[in-house]
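Since the structure comes first, as structure tokens, the remarks are kept for the end.
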Amino acid sequence: MNINKASLIRLSFMIVIVASLTLTIYRILNQDWETVVATISLTIAVISAWIAYDTFYHQTLAQRPQLVIQPNFIDRSGLILITIKNHGENPAYNISVEWHNPIINSKEETFAFSKGTKKYDILVLGKNESVSTLLDGVASFYNKFKDSDLEYSGVISFTEKLKSSRKQHQYFNFSLTSFRRLVNETDVSITHNKLQSIPDHLESLQKEINHLRKELNTSKN
Numbered sequence: 086m087n088i089n090k091a092s093l094i095r096l097s098f099m100i101v102i103v104a105s106l107t108l109t110i111y112r113i114l115n116q117d118w119e120t121v122v123a124t125i126s127l128t129i130a131v132i133s134a135w136i137a138y139d140t141f142y143h144q145t146l147a148q149r150p151q152l153v154i155q156p157n158f159i160d161r162s163g164l165i166l167i168t169i170k171n172h173g174e175n176p177a178y179n180i181s182v183e184w185h186n187p188i189i190n191s192k193e194e195t196f197a198f199s200k201g202t203k204k205y206d207i208l209v210l211g212k213n214e215s216v217s218t219l220l221d222g223v224a225s226f227y228n229k230f231k232d233s234d235l236e237y238s239g240v241i242s243f244t245e246k247l248k249s250s251r252k253q254h255q256y257f258n259f260s261l262t263s264f265r266r267l268v269n270e271t272d273v274s275i276t277h278n279k280l281q282s283i284p285d286h287l288e289s290l291q292k293e294i295n296h297l298r299k300e301l302n303t304s305k306n
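Under the numbering used here, read the sequence shown as residues 86 to 306, first letter to last.
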């Protein structure tokens, strides 16, 4: 069930309702009350059917795979990962990603979720499952592309059954530009935390030195 088909069905409901209401008004003017009652009943039935269809349609959409691609700065400190995750209820199979404008890292390498040896990038992603692939180091990437417009988009293709050849398509886009400030703030925070830990390390070192002195004095005696 695709969006075009759903729109066509909704349009059909609208046409029937408009036609029914027009007939109702016409029969009221002619005081044909039996037909008025019939057309009103028809209108109510069509509206009920429309509501039932929309409920079923949205439930079906919720069950389908919902794949999202986004940058990931959390899982590995100091590195940029690109993560694809399935937020839908059902698994997605034979997943492939086509980039409109490929991501290039600081080594001039084109990013991909796989090495391209198969027809798909990822075989299967179940509900809430994700795959993350390394793009670059944070500092290396943003130093290389500090003045670039880092906007990316593309199409995710997948099947809803492992052996199916019927492809579904979902568009995606994200930006790495907006993370520049976040990365700078994160670096400052990490530096601050490291500076705060220096006194603890010095205290531990001092205790170790005192312990060694005691052992040396004991051995001399």
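Cβ coordinates follow ideal geometry from the N, Cα and C atoms, glycine included.
For I100 and N190, the gap between their C-alpha atoms comes out near 53 Å. In this structure, the beta-carbon distance from K246 to S215 does not fall below 7 Å. Around the beta-carbon of G211, fewer than 16 other beta-carbon atoms lie within 10 Å, marking it exposed. Between V153 and P176, the C-beta spacing is not below 7 Å. Taking 7 Å as the cut-off, the Cβ atoms of S233 and N258 do not count as close. If you draw a straight line from the Cα of I102 to the Cα of A147, it is about 28 Å long. Just measuring C-alpha positions, the residue of Q144, S249, V182 sitting nearest V240 is V182. Taking a C-beta distance under 7 Å as the contact criterion, L220 and I159 do not qualify as a contact pair.
Within the segment 204 to 275, the complete alpha helix (DSSP H) runs of at least 4 residues fall at 223 to 229. Scanning the segment 109 to 189 for uninterrupted alpha helix (DSSP H) segments of 4 residues or longer gives 118 to 148, listed from N- to C-terminal end.
Shortest Cα-Cα distance from L127 to any of Y142, A104, T140 involves A104. Considering only I188, I94, H296, E193, the residue with the shortest C-alpha distance to E236 is I188. Linking Q291 to T303 through their CA atoms gives a straight-line distance of about 18 Å. By the CB criterion at 7 Å, V121 and T109 fall inside the cutoff. Closest in C-alpha terms to L261, from the list F243, S249, V223, S133, comes V223. For W184, same chain residues with a beta-carbon under 6 Å away, outside a window of 5 residues either side, are G239 in chain order.
Looking at the DSSP output, T195 sits in a beta bridge with I189. Rounded to the nearest angstrom, the gap between the Cα atoms of W135 and Q151 is 25 Å. The C-beta separation of F196 from I167 comes to about 6 Å, placing the pair in contact by the 8 Å criterion. Around T124, the same chain offers S105, L108, T109 as residues with beta carbons nearer than 6 Å, after the five sequence neighbours per side are excluded.
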